[in-house]
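In UniProt numbering, the protein residues as written are 1 to 331.
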């Protein structure tokens, strides 16, 4: 059961809460769309970059004496933040950029059968080994929970290559050595929170101003009603906004009806007073005569007084009957 004595929200508060709720909902929906779009774009960009790295290593690969080597020309710099693992068609490791047994175990053998984009969840210790000599990224790792086995995520691109005249069939796995969490992919969430906070700080005051401007006609109407109560105006302004026009028209009709009824009551009371004046004067004169005891006796005064009392009763009954008829017509 609702508490009927509870004070209802003001129109301004209702307007502010409703509008702020709508803006918050729209901001959340737009923000989620932006975040999802950013994540999808990030995955596509990461896969494209890792795949280009895979193609580079495939072009540098050489097969000699049943052994795979990578011939790196002196004019090519391979300091990109990736780790490359090359497998044969049976899933046997042929070459790795660095010896990382723990990371190798996290690569699912099913991934080697088909090219695709995958993710590996690691703890901070393995990610630190994968990062290698990267002081800035190593410092950022300290902000993550070392006990969480899935604290960080590395992007993985798998590409398969058919056998050629110089190379057997190969599967190249390229692991992004920098976790997604350190590549500012989460910054979009921070941007979104800042935008949402800015919306609340900037939009709410503007909404308050809009509510104040929108509700000014109601405030004006309140002042006009106060002037009516104090007798400073005859009726309400009949040119309000369209939403208030019906209310103002009905209030003006109510005021006019009340004035007409007041006028009728005053006229009725005036007529009643005038009609009772003569019988009361006769009664007063008769009582004075009885008090003096010189001209009128009780036997003579009694019929006169009864007649005047009857006239008074008749007049009162007449006006009461007329008042009841008028009241019935209004109902």
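In this text, a Cβ means the ideal position worked out from N, Cα and C, and glycines have one as well.
Residues of the same chain with their beta carbon placed closer than 7 Å to that of residue 133 are lacking, with the five preceding and five following residues left out of the count. For residue 85, the beta-bridge partners assigned by DSSP are 96 and 173. Buried is the label assigned to residue 127, since at least 16 other Cβ atoms lie within 10 Å of its Cβ. In this chain, the beta strand (DSSP E) harbouring residue 68 covers 67 to 70. Residue 211 sits in a helix when the DSSP states are folded into three classes.
Separation of residue 124 and residue 174 (C-alpha to C-alpha, rounded to the nearest whole angstrom) is 20 Å. For residue 154, the uninterrupted beta strand (DSSP E) run begins and ends at 152 to 161, by DSSP.
Cβ-Cβ distances below 8 Å link residue 215 to 11, 12 and 15 in the same chain, with the five nearest sequence neighbours on each side left out; the list follows chain order. With a contact defined as Cβ atoms closer than 8 Å, residue 116 and residue 158 qualify at about 6 Å.
Under a 10 Å Cβ-count criterion, residue 194 is classified as exposed, with fewer than 16 other Cβ atoms of the shown protein chains found around its own Cβ. Contact annotation: residue 176 and residue 154 have beta-carbon atoms nearer than 8 Å. Residue 43: member of the alpha helix (DSSP H) spanning 11 to 60, first to last residue. With fewer than 16 other beta carbons inside 10 angstroms of its own, residue 8 counts as exposed.
The beta carbon of residue 301 is closer than 6 Å to those of 286 and 290 in its chain, skipping five residues each way along the sequence. Rounded to whole angstroms, the separation of the alpha carbons of residue 208 and residue 80 is 53 Å. Linking residue 226 to residue 257 through their CA atoms gives a straight-line distance of about 18 Å.
Annotated three-state conformation of residue 120 is strand, per DSSP. Scanning the segment 250 to 308 from its first residue to its last, no whole beta strand (DSSP E) run of 3-plus residues comes out. Residue state for residue 219 is assigned as helix, using DSSP reduced to three classes.
With contacts defined as CB atoms closer than 8 Å, residue 244 and residue 221 qualify as a contacting pair.
The Cβ atoms of residue 122 and residue 141 do not sit closer than 8 Å to each other. Counting along the chain, the unbroken alpha helix (DSSP H) around residue 139 starts and ends at 135 to 141.
The Cβ atoms of residue 241 and residue 205 do not sit closer than 8 Å to each other.
Around the beta carbon of residue 87, 16 or more other beta carbons lie within 10 angstroms, which makes this residue buried.
Shown here for residue 212: same chain residues with a beta carbon closer than 8 Å to its own, the five before and five after excluded, namely 12 in chain order. Counting of Cβ neighbours within 10 angstroms places residue 316 among the exposed residues, the total staying below 16.
The beta carbon of residue 144 lies closer than 8 Å to those of 124, 151, 152 and 181 in the same chain, with the five residues before and after it left out. Membership of residue 105 in the alpha helix (DSSP H) is indicated by the continuous run 101 to 106. Cα atoms of residue 263 and residue 247: separation of roughly 24 Å, rounded to the nearest angstrom.
Under DSSP, residue 64 forms a beta bridge with 67. The residues 233, 236 and 237, in chain order, have a CB closer than 7 Å to that of residue 224 in the same chain once the five nearest residues on each side in sequence are set aside.
Note on geometry: alpha-carbon atoms of residue 321 and residue 314 lie some 10 Å from one another.
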